[in-house]
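Those letters in the sequence shown? Residues 60 to 510, by our numbering. Backbone N, C-alpha and C define an ideal beta-carbon position, used for all residues, glycine too. Computed from a predicted model, the values in this text were never measured in an experiment. Below is one structure, written out as structure tokens; the observations come after it.
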Amino acid sequence: MKSKRELLLNGNITSLLFKFSAPAMIGMVTGALYNVIDTVFVGRGVGSLAIAALSIVLPIQLIMIGIGTMIGVGSASVVSRALGRNRKDIAQNVFGNAVVLNLLISTLCMVFIYIFMDKCLVFFGASAKVLPYARDYTRLILAGFIFLSFSINSNNYIRAEGNPRAAMYVMAVGAIINVILDPIFIFVLGMGVKGAAIATVIAQVISSMYVIFYILFGRSIFRLNASIFRVKFSAMKEILSLGFPSFIKSAMASIITLLFNKLLLFYGSDMYIAIMGIGLRMISLIQMPLIGITQGFSTIVGFNYGAKLYPRVKKVLGMAVMWTIIIAGVGFLAMMIFPRFVISLFSSDANLINEGIHILRIVAVFLPFIGVQILGGALFQSIGKTAPALILTISRQVLFLIPLAFLLPLIFGLNGVWLSVPVSDFLSIVVTVIWIFKEIKIFNKEILNTA
């Protein structure tokens, strides 16, 4: 621990940033590929209605991802502190209770969605044309939800025991399997959206098997035996309370996806839901490495701020901002210069491609700078200032996007739905930059006082 602390406080900022960010970046990008790959193969193999169906089902998947993240983040926090006190027995029991929680909550959600499937899908924006595709996909994808949430929460507590590379492999294994199986089930076997769902479920099962194999035969501190699954309601309560903010993030993403599906069906048609589905998946793919950088950035900031090394905090902030702009800028250029090519990866529908070109360009206008907004919330979280951290975290989606998504279509019609994305991006970036500069002034004052 001492050597790690010395490295964080004295090591080269650029090297540190990538050392702590790279595993998270790779893991999150490969995780995001699940939805992108499914959409590409479904779009090319079935058509635009099938893409719309995947967009309709996305809010359900986001909720399940939120459950896995909630349990994973909450249990990882308890596990990290327990290991810091050398209490492996507590860490083991928390791991077991996390597995039990995942099984209980995921099963309840699966049963509820299965019973009310059609009502849920219609509520999420499925039209009569899209509903059969959405139903076929959901009915099969439900079988993998326990494995999906298990692999996500496992990723967190494997990272908590100090093995980020193994945590990265959990996500990478599933993504690679999905890439291999999707074309087989969709094209070779001609199973359409059902094939995409089956491929995804198999990939999720194999990811979970990798976790179990890692625990049984790897260097994990966790051991599978009956005693660790002894239910402790106090442990479960702590896991859920610590992880609940992470669930809220996924729940908000689910609500926003649902809102856009409903608005696009009202002002447009199923085709526009498909276009938005493509746009959201591309933006999500570009944002994943930015979130990975943010995770490494948070660790470095926390250590150096605690040691009152404010110049290093400022330096890592500047470095992280620069790299998020560069990475997001590459994605921005691809979406601005080659939108036809990007959309044609997902669909051969000429009408969808032609309509999607200007839409993709609109929603990506401020994409290069969105990393600044993500880093802003992480900065204040890392230095223990919860109020600005919370406000900046929710500003983009809750404070700006949801109100604008209702307001702008009243003025601009369908175009207002698309415009709500860049306008909310711009406003949240401005608010974040102002708050960051205020904090930098405080850093500068502290530097002068200690000079």
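Original post:
From residue 61 to residue 68, what distance separates their C-alpha atoms?
Top reply: Legend: pLDDT at residue 61 = 46, less than 50; position of this residue unreliable, no value from coordinates given.
**OP:** Out of 188, 319, 484, 436, point me to the one whose CA is closest to residue 447's CA.
**Re:** Of the listed residues, the one whose Cα sits closest to residue 447 is 436.
Original post:
Is residue 250 helix, strand or coil when you go by DSSP?
Top reply: coil
Original post:
Along the chain, which unbroken stretches of the alpha helix (DSSP H) at least 4 residues long are found entirely within the region 296-374?
Top reply: 329-365
Subject >> Residue environment, residue 391, which counts as buried when at least 16 other CB atoms sit within 10 Å >> reply: buried
Original post:
Measuring CA to CA, which of 204, 155, 117, 164 is closest to residue 287?
Top reply: 155
**OP:** Please report the residue range of the alpha helix (DSSP H) in which residue 413 lies.
**Re:** Run containing residue 413: 409-422, per the alpha helix (DSSP H) assignment.
Subject >> CB of residue 394 within 7 Å of CB of residue 91, strictly >> reply: no
Original post:
Where do the N-terminal and C-terminal ends of the alpha helix (DSSP H) with residue 399 fall, by residue?
Top reply: Residue range 398-405 is occupied by the alpha helix (DSSP H) that includes residue 399.
**OP:** Might you give, ordered along the chain, the residues of its own chain that have their beta carbon closer than 6 Å to the beta carbon of residue 75, omitting 5 neighbours on each side?
**Re:** 359
Subject >> Straight-line gap, residue 237 to residue 100 (C-alpha atoms, nearest Å) >> reply: 11 Å
Original post:
Using a Cβ-Cβ cut-off of 6 Å (strictly less than) and excluding sequence neighbours within five positions of residue 117, which residues of its own chain qualify?
Top reply: 316
Original post:
To which residues of the same chain is residue 114 closer than 6 Å at the C-beta, ignoring the five residues directly before and after it?
Top reply: 332, 336
Subject >> residue 60 - DSSP class collapsed to helix/strand/coil >> reply: With a pLDDT of only 43 at residue 60, under 50, the local geometry of the prediction cannot be trusted, and the value read off the model is given with reservation. Residue state, collapsed to three classes: coil.
**OP:** Can you grab the Cα-Cα spacing for the pair residue 378 / residue 145, in whole Å?
**Re:** 35 Å
Original post:
Helix, strand or coil for residue 271 per DSSP?
Top reply: Helix.
Original post:
For the alpha helix (DSSP H) that residue 172 lies in, which residues bound it at each end?
Top reply: 147-174
Original post:
Taking C-beta to C-beta, are residue 310 and residue 133 nearer than 7 Å?
Top reply: no
Original post:
Around the C-beta of residue 276, are 16 or more other C-beta atoms found within 10 angstroms, so that it is buried, or is it exposed?
Top reply: exposed
Subject >> Spatial distance of residue 263 from residue 456 (CA atoms) >> reply: 29 Å
Original post:
Thinking just about the alpha-carbon of each residue, which of 97, 461, 503, 509 is nearest to the one in residue 255?
Top reply: 97
**OP:** Reducing DSSP to helix, strand and coil, say where residue 289 ends up.
**Re:** coil
Subject >> Straight-line Cα distance separating residue 135 from residue 301 >> reply: 9 Å
Subject >> Reference residue 183, options 325, 250, 77, 164, closest by Cα >> reply: Measuring from the Cα of residue 183, the nearest candidate turns out to be 325.
**OP:** Please name the residue in 202, 294, 80, 179 whose C-alpha comes closest to that of residue 158.
**Re:** Taking the Cα of residue 158 as reference, the smallest distance to any Cα among 202, 294, 80, 179 is reached at 294.
Subject >> Identity of the residue in 87, 483, 339, 120 nearest residue 260 by Cα >> reply: 120
Subject >> Contiguous alpha helix (DSSP H) assignments of at least 4 residues, all confined to the region 423-481 >> reply: 429-441, 445-453, 461-471
Original post:
Does the region 379-387 come close enough to the region 348-355 that 3 or more CB-CB pairs lie under 8 Å?
Top reply: yes
**OP:** Could you have a look at residue 504 and say whether DSSP puts it in helix, strand or coil?
**Re:** helix
**OP:** Look up residue 206 in the DSSP assignment and say whether it is helix, strand or coil.
**Re:** helix
Original post:
Thinking C-beta only, is residue 453 closer than 7 Å to residue 353?
Top reply: no
Subject >> Delimiting residues of the alpha helix (DSSP H) encompassing residue 245 >> reply: Run containing residue 245: none; DSSP gives neither H nor E here.
Subject >> Cβ-based neighbour list, residue 420, same chain, cut-off 8 Å, excluding 5 preceding and 5 following >> reply: 394, 395, 398
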